[in-house]
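Which chain is which? The protein sequence lines are Y and L, in order. Here the working numbering is used: the first residue of the first sequence is 346, the next is one more, and so on. Here the working numbering is used: the first residue of the second sequence is 873, the next is one more, and so on. Beta carbons: idealized from backbone N, C-alpha and C, even for Gly. As the structure is a computational prediction, the values presented were derived from the model and not from experiment. To start, the structure under review is shown below, and the notes come after it.
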Amino acid sequence: MTQVLARPAEVSAPERRTARRKELLQWIAVHCLGVAAALFFVLPFVFVVLTSLMSDSQALSRDLVPHTWEWGNYRKVFDTPGFLTWWRNTLVYAGLGTVLTVVSSVPVAYALAKFRFRGRNLALMLVISTMMLPPQVVVIPMYLFWAKQLDLSGTLWPLIVPMAFGDAFSIFLLRQFLMTIPDEYVDAAKVDGCGDLRTLVRVILPMAKPGIAAVALFQFFNAWNDYFGPQIYASENPGAWTLSYGLESFKGAHHTDWNLTMAATVLVMAPVILVFFFAQKAFVEGVTLTGVKG
Amino acid sequence: MSTLTSASRRRRAALRTLAFLSPWLIGFAVFFAYPLISTVYFSFMHYDGFRPPTWSGGKNWAYVFEHYPLFWPALRNTLWLVVVTVTLRVLFGLGVGMLITRIRTGTGIFRTLFYLPYLAPPVAATMAFAFLLNPGTGPVNSLLGRTGLPAPGWFGDPDWSKPALTLLALWGIGDLMVIFMAALLDVPAEQYEAAELDGASAWQRFRYVTLPNISPIVMFAVVTGVIQTMQYYTEPLIAGKVASGVIQGAGAQFEPGYPDRSTLTLPQLVYNLGFQRFDYGSACVVALVLFALSMAFTATLMRRRGGLVQAGERS
């Protein structure tokens, strides 16, 4: 087999030259295409940032590059009433939500990955089914429950509290990750006299760090990006708005001032992109592990 | 060992399993099973949130399917998005994935640049595109104008609003790119070498080596794309709101779908019926339609996922 696959040892010089030329041409074609694609992906960011630095009057023109660089636009955005509150609310929603999700999802994922019990496949199927459902399916009774029975509309609690009870997508992703850890580790811990909880905390968790990081990132981004949740529960009280929800009101308050709206847009995008640069590996791993975003 | 101890041990194991699963069991019951049953119940009730609910039989169902003016446009839009947007996203994702596996210089930089737009928060990304594509002063139409090409109305034109949303969806191709990239790198190199020895052309290598190897992933991308289309909410809503000029909190109520119901999707109907028209019963009918459609496609996916695992074991 290897003899068949091996190339003839002697290739004539002109043949080698044409081969090399073909390779070079291919390299050029591929990288030209790569640059074109990169422009498609990057130019929207560039135009948004450029417009965010234009003066009010220039933002109304068809110009693409600012004449004067108005860094004060960003200051104006921060001075907008409520903007800092939205930041704080978003951090609370995303931060607290992420911690609660991880803490409540890890034991469930561990049981689904490593325990043998009747109904395990059924439980896994239910997890996958609920993970694929949009929040709108059960929002009417949930809203009535939170708003009419517990009187919690106008706050973010209806969005944060459920995260203490496991999140289907996080459970699924963690379960996929824990499946890749050999059972021998669990068995060895048992032989050493570790209980189930000790085994999970001392042996499995340190090995599952990349999976937990991926789940935490996804959950943080989901809360950061959420529009529907705050729209349902927080809309009546601007003091409870998040950045994603408040951003839209910018367009209203500043009407045609695209420069300030784009500066606010940059400020909503930037943290997510910064977090990504610090945690790129965990994130991409999460995407390939499950193939989906929550 | 006596049977008694083995029975008690089994009971302990069951309790342990229950304890570990308890967060999800409670969450599933309280935040999914109970509200789902409740949704079915309310779909047969007349309820406006103020007066107590009263039995209304099939009236809500008849209303949604026969008289609610937004239902069929939303379903038609969903079909359009499934046929055009999902198809284009899968083709584009595969294309970008193939491109990134062939790039030899600066691979890391290219991959990051291609991936970044996927991370942009949906509201921010939609605001950005509403600006980029705004017909008056947007950079895209400015550039099109300079080259003498026709400048469409994008989010302001019912014929162009869905193509504009498609453009936004193609910009955020990062998720599919990563999945296809992983699948393409998994194709055994020997198969390509063998095909090359047989004198196969580039197209033949793609058709007879690449495609059969990655077909489960293509299928996966199509089905998740359809499921995501069912849930499509923030982007079409924000695009419609910004283009229409109606803004939250200004007193004026925004009827979703601007322009001309061309950006309506099913989840927006739940909001419109429940939180703008205070017709909770009819909102629950749409919620159940959404549930049935999502479950049908998820079932397809799970059957495929089983097949996928088997295929992986065989090779």
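- With the criterion set as a beta carbon lying under 7 Å from some beta carbon of chain Y, the members of the segment 948–979 of chain L are V968, L971, R974, I975, R976 and T977, in sequence order.
- Look at M917(L) here: in three-state DSSP terms it is strand.
- When Cβ-Cβ separations below 9 Å define contact, H376(Y) makes contact with chain L.
- Between P426(Y) and chain L, the shortest Cβ-Cβ separation is not below 9 Å.
- Of the other Cβ atoms in all chains shown, fewer than 16 fall within 10 Å of the Cβ of I909(L); this residue is therefore exposed.
- Under DSSP, W927(L) shares a beta bridge with M917(L).
- Nearest CB-CB separation between M1174(L) and chain Y: below the 9 Å threshold.
- With 16 or more neighbouring CB atoms inside 10 Å of its own CB, I577(Y) falls in the buried class.
- Spatial neighbours of I1110(L) in its own chain (CB-CB distance under 6 Å, excluding positions within 5 residues in sequence) are listed in chain order as V995 and T998.
- Proximity to K554(Y) across L489(Y), Q371(Y) and F522(Y) peaks at F522(Y), based on C-alpha coordinates.
- With a contact defined as Cβ atoms closer than 8 Å, V954(L) and L1160(L) miss out at about 20 Å.
- Fewer than three Cβ pairs drawn from the segment 1142–1150 of chain L and the segment 443–461 of chain Y lie within less than 8 Å of each other, which leaves the two stretches out of contact.
- Listed in chain order, the beta strand (DSSP E) runs fully inside the segment 986–1010 of chain L amount to none, counting runs of at least 3 residues.
- Neighbours of M1167(L) in chain Y, taken as residues at a C-beta separation under 7 Å, are given in chain order as S474.
- At a cut-off of 9 Å between beta carbons, G930(L) makes no contact with chain Y.
- For W431(Y), the enclosing alpha helix (DSSP H) has its first and last residue at F428 to K459.
- Counting C-beta pairs closer than 8 Å gives three or more between the segment 517–531 of chain Y and the segment 540–557 of chain Y, which meets the contact rule.
- Chain Y places no beta carbon closer than 9 Å to that of T1082(L), leaving this residue out of the contacts.
- Taking P989(L) as the centre and dropping the five residues before and after it, the same chain places the C-beta of W1043 and G1044 closer than 6 Å to its C-beta, in chain order.
- By the CB criterion at 9 Å, A1023(L) and P1011(L) fall outside the cutoff.
- For A439(Y) and R361(Y), the gap between their C-alpha atoms comes out near 58 Å.
- Contact fails between the segment 962–974 of chain L and the segment 1011–1021 of chain L, because fewer than three Cβ pairs, one in each stretch, are under 8 Å apart.
- Under a 10 Å Cβ-count criterion, W491(Y) is classified as buried, with 16 or more other Cβ atoms of the shown protein chains found around its own Cβ.
- Listed along chain L is no residue with a C-beta nearer than 7 Å to that of T443(Y); the closest approach is about 15 Å.
- Per DSSP, the continuous alpha helix (DSSP H) segment holding Y1064(L) begins and ends at A1061 to L1069.
- Nearest to A568(Y) by alpha-carbon distance, out of E1062(L), P993(L) and Y1152(L), is P993(L).
- Taking the CA atoms as reference points, R923(L) sits about 24 Å from N582(Y).
- Identification of residues in the segment 1092–1121 of chain L having a C-beta nearer than 7 Å to some C-beta of chain Y yields F1092, T1096, I1099, M1102, Q1103, Y1105, T1106, I1110, K1113, V1114, I1119, Q1120 and G1121, given in sequence order.
- Of the residues assessed, Q1076(L) falls on the exposed side of the cut-off, its CB having fewer than 16 other CB atoms within 10 angstroms.
- Closest in alpha carbon position to F462(Y), among L897(L), M1049(L) and A885(L), is A885(L).
- In this structure, the straight-line span from the alpha carbon of L890(L) to that of T950(L) is close to 41 Å.
- Ranking S594(Y), W586(Y), F566(Y) and A559(Y) by CA distance to the CA of F517(Y) puts A559(Y) first.
- In this structure, DSSP gives S594(Y) a helical state, which the three-state scheme calls helix.
- With respect to the C-alpha of S449(Y), the residue from R407(Y), F390(Y), L519(Y) and F573(Y) having the closest C-alpha is L519(Y).
- For W952(L), the uninterrupted alpha helix (DSSP H) segment begins and ends at F943 to W952.
- G556(Y): member of the alpha helix (DSSP H) spanning K554 to N570, first to last residue.
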